[in-house]
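Note that full-length UniProt numbering has the sequence shown beginning at 1, numbered continuously upward.
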Amino acid sequence: MVEDSLVQNVRELLVASGSEKAAILHLMDMGFSAPEADDLINKAKQGMANYEDWKKIMTIAQNAEASAKGNNDEFIEKSGEKKREVQGQISELRTMMSSLNSELDTQKPKTETKKTKQP
Numbered sequence: 001m002v003e004d005s006l007v008q009n010v011r012e013l014l015v016a017s018g019s020e021k022a023a024i025l026h027l028m029d030m031g032f033s034a035p036e037a038d039d040l041i042n043k044a045k046q047g048m049a050n051y052e053d054w055k056k057i058m059t060i061a062q063n064a065e066a067s068a069k070g071n072n073d074e075f076i077e078k079s080g081e082k083k084r085e086v087q088g089q090i091s092e093l094r095t096m097m098s099s100l101n102s103e104l105d106t107q108k109p110k111t112e113t114k115k116t117k118q119p
């Protein structure tokens, strides 16, 4: 019964890790020897009805993950380019505003206001 539970956990570990090597390394990290880990993996695979289908699904999942990461990297790169573009536009706008403010300051009539005392 305990072995059945252990084998079921190893099956779940196989699915979660995505590869036999990763599952074996994880089992070794948990204290199993390499031969024990390999034996557990083999028992777990025997109990999996469609192991070959599982391997195909894992390959598809890994490819999808790699594609998503590539798309994410591309998105980050494009976002960085867009951010630099917008920052450049903001800088240009600030320069234009500063120039306009200077121009307005020179066009203002310079009048002095006299303060008068009220009785």
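Just so you know, even glycine gets a beta-carbon here, dropped at the ideal spot from N, CA and C.
Three-state secondary structure (DSSP) of residue i
| i | result |
| --- | --- |
| Gly31 | coil |
| Gly88 | helix |
| Gly80 | helix |
| Gly18 | coil |
Buried/exposed call for residue i, threshold 16 Cβ in 10 Å
| i | result |
| --- | --- |
| Val86 | exposed |
| Ile57 | exposed |
| Ala22 | exposed |
| Ile76 | exposed |
| Leu14 | buried |
Nearest neighbour of residue i, chosen from the options [CA to CA]
| i | options | result |
| --- | --- | --- |
| Leu6 | Gln46, Ile24 and Leu40 | Leu40 |
Residue i versus residue j: straight-line alpha-carbon distance, rounded
| i | j | result |
| --- | --- | --- |
| Thr59 | Ala37 | 22 Å |
| Glu20 | Gln8 | 15 Å |
| Glu65 | Asn72 | 10 Å |
| residue 130 | Ser79 | Residue numbering for the chain in the displayed model covers 1 to 119; residue 130 lies beyond these limits and cannot be assessed. |
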